[in-house]
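Student: First the structure, then my questions, so here it is.
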């Protein structure tokens with residue numbers, strides 16, 4: 001997770017994690033110790049983020065200008081542009097090597113400070129640092145949030161209103177394109193993160209999830225109380241299977257024990273749920289793929 005960028009933390013902490021990994025692999029620093037490649041210790045995307053973005057060229061508005069540009073691109077002008085791109089790529093590769101060397105030097109300095117730390121202790125310190133992220137232990141999926149919409153029905157006798165929804169709903173990307181997010185599925189809750197952000201945009205314990213399903217092979221729907229969240233993802237089946245497992249586990253914990261006969265008198269008191277769960281708005285169900293994602 002760390003090397004893939006799924007643990008949002010500071011660069012300083014990432015260097016410390018890399019040093020702890022070296023300590024757990026090689027014990028104390030030594031010039032004769034085998035050095036893994038930087039990609040095996042440190043997220044490469046952090047180095048790429050330091051590089052300057054490519055120059056932005058505004059598109060030509062005039063059709064004639066685009067045509068002339070296309071003709072020039074096939075001649076000497078095109079060759080000059082190709083040469084410029086090659087030179088720029090070479091400079092960027094050189095800059096990336098410099099950033100990598102600087103980062104490796106910082107990691108080694110932190111590794112030297114760990115002298116005397118045992119391998120089990122180094123591994124324990126590594127895990128302790130990673131566990132500081134609230135999403136630790138969850139499975140993360142890259143998704144595109146397509147829409148957040150109110151579910152059909154009424155709330156306390158009133159029509160659905162957008163202003164009754166949570167802040168996440170007000171950030172719906174409808175009209176501005178999909179929003180790339182991390183969908184985090186854990187043992188106690190489902191959370192949504194902006195990639196690289198340590199705190200979730202929103203979290204839903206399993207008692208709040210009423211249903212979920214897929215409208216097609218790339219669209220997943222999650223119904224949470226008064227809203228439907230639609231995601232585009234290539235991992236619809238994996239998400240559905242994992243949710244089914246966790247929801248079934250949470251539902252089993254809410255059921256009365258077999259030796260306890262159900263009461264014939266309805267109670268106005270909500271069921272007492274195990275710690276970490278919240279009252280459900282209704283029985284959840286895993287809906288199979290349908291032709292439409294509407295409830």
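Numbering (full-length UniProt numbering), first residue to last: 1 to 295.
All C-beta atoms in this analysis are idealised placements derived from N, C-alpha and C, irrespective of residue type, glycine included.
This structure is a prediction, so every number in the text was calculated from the model and none was measured.
(1) Expressed to the nearest angstrom, what Euclidean distance is found between the alpha-carbon atoms of residue 181 and residue 193?
(2) What did DSSP end up calling residue 193 once you bin it into helix, strand or coil?
(3) State the CB to CB distance for the pair residue 243 and residue 212, rounded to an integer number of angstroms; the pair is presumed to be in contact (CB under 8 angstroms).
(4) Consult DSSP for residue 205 and reduce its assignment to one of helix, strand or coil.
(5) Look at residue 47 and residue 96 and say whether their C-beta atoms are less than 9 angstroms apart.
(6) Give a yes or no on whether the C-beta atoms belonging to residue 40 and residue 14 are separated by under 9 angstroms.
(7) List, from N- to C-terminal side, the beta strand (DSSP E) runs of 3 residues or more that fit wholly inside the region 127-155.
(8) Within this structure, are the beta carbons of residue 200 and residue 135 separated by less than 9 angstroms?
(9) Tell me the DSSP bridge mates of residue 221?
(10) Could you check if residue 245 is buried or exposed, using at least 16 other CB atoms within 10 Å of its CB as the buried criterion?
(11) Could you pull out every residue in the same chain whose Cβ sits closer than 6 angstroms to the Cβ of residue 49, ignoring the five residues on either side in sequence?
(12) Tell me the residue span of the alpha helix (DSSP H) that contains residue 24.
(13) So for residue 249, helix, strand or coil by DSSP?
(14) Where does residue 226 land, buried or exposed, given buried means 16+ other C-beta within 10 angstroms?
Tutor: Well, looking at it:
(1) 6 angstroms
(2) strand
(3) 6 angstroms
(4) strand
(5) yes
(6) no
(7) 139-150
(8) yes
(9) 213 and 230
(10) exposed
(11) none
(12) 11-26
(13) helix
(14) buried
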